[in-house]
Amino acid sequence: MRLVVDLTRCQGYAQCAFLAPDDFTMQGQGEALLYDPEPADERRERVLRAAAACPVQAIVLDRGPARNGDRAAVPAPRRGGSTGDFLRTGRIVVVGASLAGARAAGALRYKGFRGSLTVIGDEAHDPYDRPPLSKQVQEGRVDAGHTGLPRRRAIEADWRLGVAATGLDLAARQVRLADGSSVGFDRLLIATGVRARPWPDPDEAALEGVLVLRTREDADGLARLLAGRPRRVLVIGAGFTGSEVASVCRTLDIPVTVAEAGAAPLVAALGGTIGAIAAEVQRDAGVDLRCGVRVSALEGEGGRLRRARLSDGSTLDVDVAVAALGGIRNVEWLEGSGLASGPWGVACDAGCRALDANGLVTDDVFVAGDVARAPQPAFGYQFLALEHWGNAVAQAEVAAHNMLSDQAHRWPHLEVPVFWSTQFGHEIKSVGVPNIADEVVVTQGSVPDRRFVAAYGRRGRLVGAVTVDHSTWLDFYKGQIERAAPFPPRWRTVDQPAALEPEPAGFPTHPSPTQDATVVLTGHDPDERRATLLPP
Amino acid sequence: MAITAPPSVFDQILDPAHRADPYPLYAELRRTPVARQTDGTWIVSGYAEIVALLHDPRISSEQHDLPAGAAASPLPPAFLQLDPPEHDRLRRIVTRHYGPPHTPGRVDAMIPDLRRVVSGLVDGLDGSTEVDLVDQVAYPFPVTVICDLLGVPREDEPRFHPWSEALISALDPGSGDQAERQRRRVSAMTEMGQYFAGLIHAHRQAPGSDLLSALATDDSPEGRLTDPQLLTTAFLLLNAGHETTVNLIANGMLTLLRHPDVLARLRREPELVIHLVEELLRYEPPVQFLPNRSALDDIEIGGTTIPAGSPVTLVLAAGSRDPAHVRDPDRFDPDRFDPDRFGLARDTDQHLGFGGGPHYCFGAPLARLETQIALTELSRRLVDPRLVVDPPPYRANPVLRGPQHLRVAIGGVLPAGG
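Going down the list, the protein sequences come from chains A and R.
Residue numbering for the first sequence follows the numbering used here, starting at 10 and increasing by one per position.
Residue numbering for the second sequence follows the numbering used here, starting at 154 and increasing by one per position.
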């Protein structure tokens with residue numbers, strides 16, 4: 010059987026770990042959950058008990074081939090929406106077969122689409138889950154090949170896996186593939202996600218021991234290197250992936266240095282003030298954390314990484330370097346397509362409909378997941394791309410719904426963003442959009458105990474909150490963000506510090522990536538006026 | 154002549170005359186999901202509102218004002234009646250010896266013992282044509298289990314049962330002499346305190362593998378429970394461990410006997426019990442409501458504002474049957490929690506049977522296993538079971554609601570292990 014835990018929902022009740030202790034384990038202070046995504050069949054009864062007991066129903070499982078069979082999804086009753094013709098005979102192509110693409114494909118069938126469905130993915134594997142790749146897989150608890158996403162019912166589709174999409178012809182309604190073939194569509198969903206940003210020097214990047222962490226193959230490679238007990242691991246970049254790798258190294262008692270160009274770990278997501286706490290957590294766990302430091306060179310011998318030179322003048326003997334430099338959005342295949350796509354992602358409206366280069370909303374092209382850049386009405390209508398697991402799931406469902414609905418029945422994707430990270434025995438969760446905040450204040454719990462809630466405010470309004478081993482309160486803050494509660498909060502709660510004294514949140518200012526877009530305007534009269542996006 | 158207001162819906166719920174079927178009254182209550190009572194208490198009965206308040210840090214579980222005439226408690230409150238951070242700290246100290254992260258396998262390892270105890274109790278039904286499933290199975294089973302876990306001699310049950318009854322009757326906000334009830338509660342606590350003090354002393358002299366020995370002797374990084382804290386924690390676990398699961402098992406058998414098709418299915422498909430117990434927790438929850446909470450601040454909810462300082466009661470049993478949350482809520486549907494039935498929206502597949510938030514039922518994993526095992530064994534081995542009286546007589550307590558007796562006619566008992 011296969012399972013995935015929606016850690017966006019998990020509140021750390023640990024019921025699963027009581028009832029199936031071999032498959033679900035709570036780390037640290039007891040809120041950080043690690044699990045086996047493909048538990049052995051002999052533990053089936055325990056896993057079923059664990060899944061049923063989850064108070065927030067965060068555990069999604071299939072019961073293995075014996076129970077799944079080939080039953081097709083049972084369509085839900087429909088209200089409004091598309092004409093029956095499209096539901097029966099339409100052609101939908103989903104480009105991207107990871108979380109967003111697979112979820113959307115399932116949702117399309119569940120919502121009653123019976124026409125032709127093609128799912129195109131550049132990786133040769135069935136859809137799999139990535140969050141375990143930087144955690145339980147690296148700890149050696151789970152094989153990298155065993156994080157397949159559960160598929161409760163067979164999704165009837167033409168799965169074109171291992172073939173990348175290479176182009177989009179909107180006029181002809183065709184997706185071109187790397188094998189030279191083309192697939193026609195009536196409606197298209199773009200869910201091509203991101204890939205890891207490689208180490209910029211290609212020769213250094215090619216050294217054995219230098220890698221990134223995004224795919225199943227990357228994860229398998231790193232897990233093998235860690236199992237070989239390297240002298241020291243260098244992690245380049247202390248975002249979530251980098252910090253999680255450093256955490257695993259300490260769990261495995263492998264020396265690790267983290268080089269972070271910014272002022273603190275997780276600074277882009279949590280800001281400098283809370284990032285400083287993350288720095289203490291890392292150092293207490295024995296990480297050699299160096300902030301404000303860049304890696305100037307990776308040096309090898311005989312094709313193997315041996316040393317790293319840092320901008321602080323030091324040299325480290327290392328066998329493994331993990332470049333955790335964030336992601337690059339997979340948009341190259343859309344170049345020249347006429348969509349408003351670029352390094353920032355693919356722009357779309359709140360209903361996941363893609364914008365073309367003119368800024369016009371398209372009718373039949375939709376975007377979901379990490380690659381989508383959508384307006385956030387609750388956060389100043391900023392266009393944001395959210396590389397979060399929960400965002401991919403929620404957006405995939407909205408996109409699927411809207412692909413089958415007429416204008417009167419479309420949904421806006423207005424889910425308040427939530428993400429999580431499991432590291433150093435802590436469950437860190439974020440709700441809202443902290444990184445647009447100017448101030449932060451600890452509202453509950455205790456920073457020295459490393460169990461607290463921090464609220465983020467922008468111009469007197471609550472815009473985000475981060476919990477550390479305090480996720481039971483996350484939904485309260487979500488509700489307060491939704492109602493645009495004042496900041497600093499004026500409410501009286503349990504476990505409240507004596508005084509709420511906001512500090513600067515300390516986010517680095519990042520210019521929006523869309524300002525790098527070069528656009529030429531042509532034509533004079535409104536009927537001939539056009540915007541053309543130039544290639545980067 | 155004094156004019157007496159007609160009893161409120163909540164007063165009717167407290168009235169033992171309505172114990173057998175309070176659900177129509179809960180439906181009436183839900184028409185105003187957040188409603189102020191004449192005594193100033195706010196009754197919350199809508200699912201969404203209850204979930205919000207269970208996770209609202211402006212709600213306190215501490216007793217801020219003692220009711221008039223109440224005698225001061227001789228002991229400090231247990232974690233059930235404390236707020237974070239102290240609640241969290243005490244609960245973590247106890248959890249260290251009971252569950253994850255430090256003792257993850259403890260409850261799971263009890264399964265063989267649970268099966269053995271139930272099997273023995275069901276053996277004892279053999280030879281009768283009529284049995285009382287409360288007195289003969291649903292009550293003795295969890296008592297035996299919690300005594301073993303805590304390290305309390307099982308044969309002392311006749312001594313501690315009356316104390317425990319006095320303590321839980323103090324939970325009943327219903328009519329009657331509150332002051333007298335509080336006096337009985339204090340006297341029960343005093344006697345129970347003496348009893349447990351002796352027991353803890355004995356466990357310190359010769360520690361066993363039980364929870365009390367562990368709590369009495371082991372120092373956690375967050376400190377040890379003080380002796381008074383240890384006493385109240387012991388009361389809490391002993392009471393909660395045997396006054397609630399008894400209702401879940403008895404309500405479960407009652408519901409199965411009222412749905413013979415489901416009982417027949419359970420015999421054929423033992424795995425059904427896993428999801429059936431979840432539905433039972435929704436449909437006939439052993440804890441009907443959570444009294445004794447209060448608002449620390451003004452809370453806007455359900456179109457109204459609960460003012461700071463107000464007592465708040467969360468009616469879990471009403472919330473779990475809220476038609477705005479679950480479809481066809483008054484139907485017992487053993488497949489409701491089957492994952493194969495899940496659609497994409499999973500929020501409707503939750504119930505309030507064990508509460509939620511920081512005070513989520515401490516014994517939930519054990520209660521689930523006990524009930525799954527008991528219902529499996531009873532359904533498999535009882536031949537042709539039929540209710541003798543329906544509805545059965547109920548215990549008076551409206552909070553911990555369940556049958557006083559469950560008389561069942563049987564055609565025999567199949568052998569164990571078949």
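Note that the Cβ used here is the ideal one computed from N, Cα and C, for glycine as well.
Residue i: first and last residue of the uninterrupted alpha helix (DSSP H) it sits in
i, result
"H240/R", "239-248"
"P293/R", "293-303"
"S340/R", "331-358"
"H395/R", "380-396"
"F490/R", "Neither: F490/R is in no alpha helix (DSSP H) and is coded neither H nor E."
"K487/A", "483-491"
CA nearest to the CA of residue i, picked from the options
i, options, result
"V331/A", "P352/A, T250/A, F392/A, L364/A", "T250/A"
"P257/R", "G555/R, T524/R, L519/R", "L519/R"
"L117/A", "L197/A, V146/A, Q524/A, D15/A", "L197/A"
"Q216/R", "R446/R, I454/R, R172/R, G199/R", "R446/R"
"E424/A", "T481/A, A187/A, L393/A, E436/A", "L393/A"
"V146/A", "G368/A, D504/A, S256/A", "S256/A"
"F122/A", "D94/A, A383/A, L325/A", "D94/A"
"D288/R", "L378/R, V399/R, L384/R", "V399/R"
"R316/A", "R338/A, V355/A, T502/A, V242/A", "V242/A"
"R139/A", "D534/A, G154/A, G130/A, F27/A", "G154/A"
Buried versus exposed, by CB contacts within 10 Å (16 or more), residue i
i, result
"T191/R", "exposed"
"Y547/R", "buried"
"L220/A", "buried"
"V542/R", "exposed"
"V451/A", "buried"
"R259/R", "buried"
"Y390/A", "exposed"
"P159/R", "exposed"
"Q416/A", "exposed"
"D536/A", "exposed"
"L530/A", "exposed"
"V536/R", "exposed"
"H558/R", "buried"
"G301/A", "exposed"
"T324/A", "exposed"
"A81/A", "With a pLDDT of 43 at A81/A, under the threshold of 50, the predicted position of this residue should be treated as unreliable, though the coordinate-derived value follows. The residue in question, A81/A, is exposed, as its Cβ has fewer than 16 Cβ neighbours within 10 Å."
"R467/A", "buried"
Proximity test, Cβ basis, 8 Å: residue i and chain R
i, result
"D504/A", "yes"
"G281/A", "no"
"G360/A", "no"
"Y22/A", "yes"
"S455/A", "yes"
"V290/A", "no"
"G488/A", "yes"
"A549/A", "As displayed, chain A neither begins before 10 nor continues past 545, which places residue 549/A out of reach and without an answer."
"W482/A", "yes"
"V65/A", "yes"
Closer than 8 Å to chain A by CB, residue i
i, result
"S213/R", "yes"
"R245/R", "yes"
"P169/R", "no"
"Q234/R", "no"
"I299/R", "no"
"A205/R", "yes"
"P186/R", "no"
"G570/R", "no"
"E202/R", "no"
"Q503/R", "yes"
Enclosing beta strand (DSSP E) for residue i [first to last residue]
i, result
"T457/R", "457-459"
"F27/A", "From DSSP, F27/A is part of no beta strand (DSSP E) but of the alpha helix (DSSP H) over 24-28."
"R385/A", "The question names Arg, but residue 385/A in the sequence shown is Gln. Where Q385/A is concerned, the enclosing beta strand (DSSP E) stretches over 381-385."
Open item on the list: Quick check for students: name the residue ranges of the beta strand (DSSP E) that lie wholly in the segment 207-264 of chain A, counting only runs of 3 or more.
Closed with: Here the runs fully enclosed are 242-245.
Open item on the list: My parser needs the beta strand (DSSP E) runs of 3 or more residues fully inside the segment 282-365 of chain A; what are they?
Closed with: 297-300, 304-310, 313-319, 324-326, 329-332, 336-338, 354-356, 362-364
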